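Q: One structure is given below, represented as structure tokens, and several questions about it will come after.
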Amino acid sequence: MAYSEVVNVSGFVGNFKVTVKKKTRYVNEKECTACGECVKVCPITKPDAYQTGFSTRKAIYIPFPQAVPASYLINMDDCLGINPIACGKCADVCEKKCIDFDQQDKFIDIEVGAIIVATGMDVYDPSEIDEYGYTRFPNVITSMEFERLICAGGPTEGHFIRPSDRQRPKRIGFIQCVGSRSAKRGNPYCSNICCMNTVKDCLLLKDHYPDTDCTVFYMDIRAFGKSFEDFYMRSKEEGVKYLRGLPGEIEEDPATRNLRVVVENTNGGGVDFHEFDMIVLSTGVIPQKDSAVIRKLLTLSKTSDGFLMEAHPRLKPVDAPTRGVFLAGCAESPKDIKDSVAQAGAAASHANILLNAGHISIEAVTSVIDDSMCNGCELCIDVCPYHAIQSNGKKSPPTIITAACAGCGNCGAACPTGSITMRHFTDMQIEAQIDAILEEDGDQKVLGFACNWCSYAGGDFAGISRLQYPTDARLIRTMCSARVDEEFIWRGFHKGAAMVLVSGCHYADCHYISANRQTVQRVNRVWDKMERLGIRPERLQLEWISAAEGQKFAKVMRDIEQMRKRVTKEEIDETVRILNEERDKAAAKKAAKTDKKEQAAA
Amino acid sequence: MDDVTKMALDAPRIGVFVCDCGLNIAGTVDTAAVTEWARSLPDVACVVRNKYTCADPGQNEIRKAVVEYKLNRVVVASCSPRMHEPTFRGCVMDVGMNPYLMEMANLREHCSWVHAGEKDKATEKAKDLIRSAVARARHLTPQEELKVKVTKAALVIGGGVTGIQAALDLADSGHQVYLVEKEATIGGIMAGLDKTYPTMDCSI
Ligand SMILES: Cc1cc2nc3c(=O)[nH]c(=O)nc-3n(C[C@H](O)[C@H](O)[C@H](O)COP(=O)(O)OP(=O)(O)OC[C@H]3O[C@@H](n4cnc5c(N)ncnc54)[C@H](O)[C@@H]3O)c2cc1C
Ligand code: SF4
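Residue numbers (the numbering used here), protein chains in the order written: chain S, 40 to 641; chain Z, 10 to 213.
Structure representation (structure tokens):
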């Protein structure tokens, strides 16, 4: 379904319900034979996006001759009007009568078991780097524009000319890492494909026009893939010059429209001047601009670079954190065609395993609600990152969709009445662990909570790497740090723990989308109350440790031992006294409330 | 409800299986002392020490003890649950126990490997980790996994080279596939390229 968008997704692994909006083309795509008669009569002329604006198209157009489906469409923003009085010339000449101004967007509902996200990427727009003059100098172009200019199917039919005077440029400069690997502008990551793309561009030029002089300015050439080094060496043999160092600025000679750059000579020192007929900015790639829409529909997360996050960076590279959803291609990270195709195969294969299974079982770490205790406050609905809890109207107990529940336990920690039970990670189970750990010598111990995916795994990694650290900590594993109820922390202090540590995935990389935001809120609330009660907040620590951060795990353990040593037995006794008092006050309040109720009833 | 599941609802009878992991654990943690100590924990019906609990003889010890001592909870004190939880869940299932009645204490990654020079303290920590696992095991209940049907069709969002390839693969394996592309044509960025590295093939 081309010219279509996913507008709604509900359901869960194996059973997704999806609504697709099929945007109207105003041309019956089944009937259209792409004869092109309509184009001849259309009076509107617009820049052609496919040819990166180097040529024009009409309001009725086909994106490019090989487009699939091979059908024309009308861009209604450009068209003079659906009113045939205004124009309607195309409809007049169309013999098959396939132009239909009354066509409407269609909404199609489909049911699928698996979803593959292959929404790709966008290309960086270098306009913001004013020193390179992309918007001011016609002969500064991007690598995408280069593709069109050298292509036989391009606006110049493959005759490589420069925009200012339609002459063939003989001295061409390439500037690498435009919009990539920069903390200031564009993105900090390496875009992966631009080095090899420039090598390719230079070889194409040398092939078509051997007398062309190509110079590449770079930070380092990343030719890491299979046969890439050979490819790079070949370009050097064919005379492409590679100069280390990126120009700070491009200047234009207004008379010739030639371009001049100044670069530091990193080999010999000093600065060099170079003049070119044309400069190609080797622009990086960026996350798909509207990927937030898909992220929201499928409850996916992004990594710090903005690309979609996989379930595990090494072991589950094509699985999304949402079960039944798979990622592939440049939606996941910038990569070339070969890697994209390989990942597509991997994602298809994982989807296949799911579809062929017929049935799937869902790990029993899911939440259940006790309707008799629930007061219908719906706090659980607010915190569930998977929309797995459905409202039945305020004041009524909501319904938990077990198959959609991912098992973070956020709802269990949020529930003020204790009516939500997280199966296999119940309050009772966790409290029993706390009590067992603190049965003896609490003053020597750090009571730790660690999430299965990151901080507990980071501890495992420290172990595998044999990093040594002090023995104070005793960890309790939960699926997510968001399972850590404030009551667990208080219980730890009440039972005499010197220190309590809450740890989880990095803030933006929560395995459960955004559940650890609530972790932060809960820890903040406990810190505030500790301050109010006169308990040193330092005794509660919050740390983000990823599965790969064994070093950090060990460091946290060393630091926390130092803090633990500052906590005296007297301080712990005082804390226990304060918390006893708090408990008694709460009990008295509750009793008074019941008394009042009973009196009122009487 | 099968017998073992019913038993799980009775008073806990916990078996603790302490693993030496060769010298990986036993080289630092005094597993003999830990084994003796664990016998004193409430509700613990038997404690067995093994050289390699995950190996077949070790797993057999677990299966044997479950039957012999009528165990309804199992605690394996060995390595990380992220490593061997599936192994030991499978092991107890062989003798009809619900897999959610098996609990692990991580004496290796979180203890012996990271406290090599501190044998006494590591042994104390190992005891605490087992005490915590036994306390949790006492409250474990059998869980049933939900089984759901799978709709045999797939959606591919994005019709670039990746989406096209994934859709073709899925269609070739006999599934219905919906490919949704927001632009008027499929092809993505690759459709706008001329030749492609490293082979210089045409892109379209
Ligand atoms: C200038 C340049 C030159 C390159 N040269 C080479 C080369 O020579 N060799 C090589 O191997 N690689 C090259 N690459 C990389 C190559 O283009 C990518 O590897 C490839 O395009 C990745 O394909 P994709 O399908 O993952 O993403 P894309 O090509 O970006 O395709 C994504 C598709 O998804 C669609 N889409 C996005 N969002 C949605 C949505 N919400 N709903 C529906 N559809 C959506 C988009 O319209 C698009 O059609 C080059 C890249 C660039 C920028
Ligand atoms: S456990 Fe997490 S995913 Fe499941 S219902 Fe609760 S909040 Fe939602």
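Think of the CB as a built atom: it goes at the ideal place given N, C-alpha and C, for glycine as much as any other residue.
Since the structure is predicted, the reported quantities are computational estimates derived from the model, not experimental observations.
Which whole-angstrom value is the C-beta distance of Z:V38 and Z:A47, which I expect to be below 8 Å?
A: Taking the second sequence and counting its residues from 1, one reaches residue 38 of chain Z at position 29. Taking the second sequence and counting its residues from 1, one reaches residue 47 of chain Z at position 38. Contact flag wrong, Cβ pair sits at about 12 Å.
Q: Just the Cα atoms here: how many angstroms apart are S:E314 and S:L298?
A: By one-based count along the first sequence, residue 314 of chain S stands at place 275. By one-based count along the first sequence, residue 298 of chain S stands at place 259. So the two alpha carbons sit approximately 6 Å from each other.
Q: Nearer than 8 Å: is that true of the beta carbon of S:Y546 relative to any heavy atom of ligand 1?
A: Against the first sequence, residue 546 of chain S aligns to sequence position 507. Incorrect: S:Y546 has no Cβ contact closer than 8 Å to ligand 1.
Q: Can you give me the Cβ contacts of S:G92 inside the same chain, cut-off strictly under 6 Å, excluding the 5 residues immediately before and after it?
A: Taking the first residue of the first sequence as 1, we reach residue 92 of chain S at position 53. P86.
Q: Following a CB-centred definition, is Z:T171 positioned closer than 8 Å to any heavy atom of ligand 4?
A: Ligand 4 is absent from the structure shown, which contains only ligand 1 and ligand 2.
Q: Does the pairing of the region 335-345 of chain S with the region 359-366 of chain S give three or more beta-carbon distances under 8 Å?
A: yes
Q: Would you check if the distance between the CB atom of Z:L110 and the CB atom of Z:S87 is smaller than 9 Å?
A: As a first step, residue 110 of chain Z must be located in the second sequence, where it is residue number 101. As a first step, residue 87 of chain Z must be located in the second sequence, where it is residue number 78. Not in contact: Z:L110 and Z:S87 (Cβ atoms no closer than 9 Å).
Q: Near S:K624, which residues of its chain fall below 6 Å by C-beta distance, leaving aside the five closest residues on each side in sequence?
A: Translated into positions along the first sequence, residue 624 of chain S becomes position 585. Same-chain partners within the cutoff: there are none.
Q: For S:E290, which option in S:N178, S:N391 and S:T456 has the closest C-alpha, if you only look at C-alpha atoms?
A: Taking the first residue of the first sequence as position 1, residue 290 of chain S is located at position 251. When each option's Cα is compared against that of S:E290, the closest is S:N178.
Q: Helix, strand or coil: how does DSSP classify S:C216 here?
A: By one-based count along the first sequence, residue 216 of chain S stands at place 177. Three-state DSSP puts S:C216 in a strand.
Q: Pick from Z:G24, Z:T171, Z:K136 and Z:I23: whose alpha carbon is nearest that of Z:T40?
A: Counted from its first residue, the second sequence places residue 40 of chain Z at position 31. When only C-alpha atoms are compared, the closest one is Z:K136.
Q: Taking the alpha-carbon positions, what's the S:F55 to S:S321 distance?
A: Taking the first sequence and counting its residues from 1, one reaches residue 55 of chain S at position 16. Taking the first sequence and counting its residues from 1, one reaches residue 321 of chain S at position 282. Using only the alpha carbons, I get a separation of about 40 Å.
Q: Which same chain residues, not among the five before or five after S:N304, have their C-beta less than 6 Å away from its C-beta?
A: To locate residue 304 of chain S, count along the first sequence from 1; it is residue 265. D311, listed in sequence order.
Q: Let me see if you follow: with CB-CB separation under 9 Å, is Z:Y78 close to chain S or not?
A: Locating residue 78 of chain Z in the second sequence gives position 69, where the first residue counts as 1. So, not an interface residue.
Q: So which residues of chain S does Z:S87 contact, with C-beta pairs closer than 7 Å?
A: Within the second sequence, numbered from 1, the residue matching residue 87 of chain Z stands at position 78. Going along chain S, no residue has its Cβ under 7 Å from Z:S87, so there is no contact; the nearest lies around 12 Å.
Q: Taking 8 Å as the cut-off, is the CB of S:Q215 close to at least one heavy atom of ligand 1?
A: In the first sequence, residue 215 of chain S corresponds to position 176, counting from 1. Because no heavy atom of ligand 1 lies under 8 Å away, the Cβ of S:Q215 does not count as near it: no.
Q: Please work out which residues of its chain come closer than 6 Å, Cβ to Cβ, to S:S43, disregarding the five sequence neighbours upstream and downstream, and give them in chain order.
A: For the purposes of this step, residue 43 of chain S is identified with residue 4 of the first sequence, where counting begins at 1. If we look at S:S43 and ignore the five residues flanking it on each side, its Cβ neighbours are V59 and K61.
Q: Would you call the region 386-393 of chain S and the region 415-425 of chain S in contact, with 3 or more CB pairs under 8 Å?
A: The region 386-393 of chain S vs the region 415-425 of chain S: no contact.
Q: Would you check if the region 484-501 of chain S and the region 533-543 of chain S touch, i.e. whether three or more CB-CB distances between them fall below 8 Å?
A: Flag = yes, the region 533-543 of chain S and the region 484-501 of chain S touch.
Q: How about S:A381: is its Cβ closer than 8 Å to a heavy atom in ligand 1?
A: What you label residue 381 of chain S is simply residue 342 of the first sequence in a count that begins at 1. The nearest non-hydrogen atom of ligand 1 is 8 Å or more from the C-beta of S:A381.
Q: Would you report the Cα separation of S:S542 and S:L581, rounded to the nearest angstrom?
A: Position 503 of the first sequence, counted from the first residue, corresponds to residue 542 of chain S. Position 542 of the first sequence, counted from the first residue, corresponds to residue 581 of chain S. So the alpha carbons of these two residues sit roughly 6 Å apart.
Q: Just to confirm the assignment: which complete beta strand (DSSP E) runs, minimum length 3, are found wholly within the region 157-234 of chain S?
A: 160-162, 179-181 and 210-217
Q: Quick check on this structure: which residue in S:Y551, S:C490 and S:H545 has the alpha carbon closest to the alpha carbon of S:V523?
A: Here residue 523 of chain S is taken as the residue at index 484 of the first sequence, counted from 1. Selected option, being the one with the closest Cα: S:C490.
Q: Between S:R64 and chain Z, is any beta-carbon pair separated by less than 9 Å?
A: Reading the first sequence from its first residue, position 25 is the one you call residue 64 of chain S. By this cut-off, S:R64 is an interface position.
Q: In whole angstroms, what is the alpha-carbon distance linking S:Q560 and S:Y546?
A: Reading the first sequence from its first residue, position 521 is the one you call residue 560 of chain S. Reading the first sequence from its first residue, position 507 is the one you call residue 546 of chain S. Whole-angstrom Cα-Cα distance: 12 Å.
Q: I'd like to check one pair, S:G278 with S:D252: are the Cβ atoms closer than 9 Å?
A: To locate residue 252 of chain S, count along the first sequence from 1; it is residue 213. To locate residue 278 of chain S, count along the first sequence from 1; it is residue 239. Yes, the Cβ-Cβ distance between S:D252 and S:G278 is below 9 Å.
Q: Mind listing the chain S neighbours of Z:M199? Cutoff is C-beta to C-beta under 8 Å, in chain order.
A: Taking the second sequence and counting its residues from 1, one reaches residue 199 of chain Z at position 190. The answer, in chain order, is I376.
Q: Check for me: the alpha helix (DSSP H) holding S:R622 runs from which residue to which?
A: Along the first sequence, one-based indexing puts residue 622 of chain S at 583. First-last of the alpha helix (DSSP H) with S:R622: K608 to A640.
Q: Given Z:M10, which residues of its chain have a CB within under 7 Å of its CB, disregarding the five upstream and five downstream residues?
A: Within the second sequence, the letter at position 1 stands for residue 10 of chain Z. For Z:M10, the predicted model reports a pLDDT of 46, less than 50, meaning its position is unreliable and no value from the coordinates is stated.
Q: Rank S:K223, S:F464 and S:C229 by C-alpha distance to the C-alpha of S:T346 and give the top, closest one.
A: As a first step, residue 346 of chain S must be located in the first sequence, where it is residue number 307. The question names Thr, but residue 346 of chain S is Phe in the sequence shown. Of the candidates S:K223, S:F464 and S:C229, the one whose C-alpha sits nearest the C-alpha of S:F346 is S:C229.
Q: Within 9 Å (strictly less), CB to CB, does S:E163 reach chain Z?
A: Along the first sequence, one-based indexing puts residue 163 of chain S at 124. Rather than Glu, the amino acid found at residue 163 of chain S in this sequence is Tyr. Residue contact check for S:Y163 against chain Z: no CB pair falls below 9 Å.
Q: What would DSSP say about S:H389, mapped onto helix, strand or coil?
A: Here residue 389 of chain S is taken as the residue at index 350 of the first sequence, counted from 1. Reduced to three states, the DSSP call for S:H389 is helix.
Q: Should S:K377 be listed as close to ligand 1, given that the test is whether its C-beta is under 8 Å from any heavy atom?
A: Here residue 377 of chain S corresponds to residue number 338 of the first sequence, with the count starting at 1. S:K377: yes, Cβ under 8 Å from ligand 1.
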